[in-house]
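Working notes, beginning with the structure itself.
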Amino acid sequence: MKSIFLTGFMGSGKTTIGKLLSEKLSLPVIDTDHVIEEKLNKTIRDIFETEGENKFREYEHQFLEMMPTENMIITTGGGIILRKENRDWMKKNGVVVYLHCEPEEILNRLAGDQTRPLLDGDKKKNVLSIFTERSPFYHEADFKVDTTNKTPEEVVLEIEQLIK
Numbered sequence: 538m539k540s541i542f543l544t545g546f547m548g549s550g551k552t553t554i555g556k557l558l559s560e561k562l563s564l565p566v567i568d569t570d571h572v573i574e575e576k577l578n579k580t581i582r583d584i585f586e587t588e589g590e591n592k593f594r595e596y597e598h599q600f601l602e603m604m605p606t607e608n609m610i611i612t613t614g615g616g617i618i619l620r621k622e623n624r625d626w627m628k629k630n631g632v633v634v635y636l637h638c639e640p641e642e643i644l645n646r647l648a649g650d651q652t653r654p655l656l657d658g659d660k661k662k663n664v665l666s667i668f669t670e671r672s673p674f675y676h677e678a679d680f681k682v683d684t685t686n687k688t689p690e691e692v693v694l695e696i697e698q699l700i701k
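Here is the structure:
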C-alpha cells in the first residue's frame, strides 16, 4: 500500500487522525515536524526564531523526501503544501488526504496553544490570512475530508472508505 500523507491546516486533526488511522490500518505513523525536531535537536519554534521560516521550509523539503513511500501514515506540517515540489512529491509517492477544518473551529482548537510561531500576535487575523493563502494548495490533494464537528473516529472511517 502506498503511504498516506495527511495534510491540513494547523489544528485540523492531523496528529490525532494519524495515530488513530495507524491503529486501524496496522501501519506505523510518522510526523514530519517531529522528524525535523529530532534530527536537528531543535523545536520548530526555535528553528523559526533562529533560522527563519524559509530555512525551516528547506529542512521540511529535505526530510519529506526521506519519508517511506509505502506502508506508512505520514502526518505533515500545515505549511508543507506551500512548495509545489512537496505537493508533487507527495502525490507521486503516496495518497494525499487533506483534512479540512473551518477557521472558526481551528481557532477553538488552538485556543491557548503557544507552540505555533505563525500564530503570534492577532491569532484570528493570522489564522484567516494563512488559511486563505494555503487553501488552494490543500485542495490539490487526492481526497478531502472535513473534520469540522466530527469525531476523530468518524474522520478515520471516512478516510478508510476513500482509500480502499
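Number 543 in the numbering used here belongs to position 6 of the sequence shown; there are no gaps in the numbering.
In this text, a Cβ means the ideal position worked out from N, Cα and C, and glycines have one as well.
All values derive from a computational prediction rather than experimental measurement.
The beta carbon of Cys638 sits closer than 8 Å to the beta carbons of Gly545, Phe546, Gly548, Ser549, Gly550, Arg646, Asp683, Thr684 and Thr685 from its chain, once the five residues preceding and following it are set aside; these are given in chain order.
A residue is called buried when at least 16 other Cβ atoms come within 10 angstroms of its Cβ; Asn578 does not meet this threshold and is exposed.
Per DSSP, Ile618 lies in no beta strand (DSSP E) and is assigned neither H nor E.
Taking the CA atoms as reference points, Met604 sits about 31 Å from Ala648.
In the structure shown, Asp679 falls within a coil segment according to DSSP collapsed to helix, strand and coil.
DSSP lists no beta-bridge partner residue for Gly614. For Lys539, the CB contacts under 8 Å within the same chain, skipping 5 residues up- and downstream, are Thr606, Glu607, Asn630, Gly631 and Val632 in chain order.
Taking a C-beta distance under 8 Å as the contact criterion, Ile611 and Thr552 do not qualify as a contact pair. Annotation: Pro673 to Glu622 spans about 15 Å, alpha carbon to alpha carbon. Residue pairing for Ser563: DSSP places it in no beta bridge.
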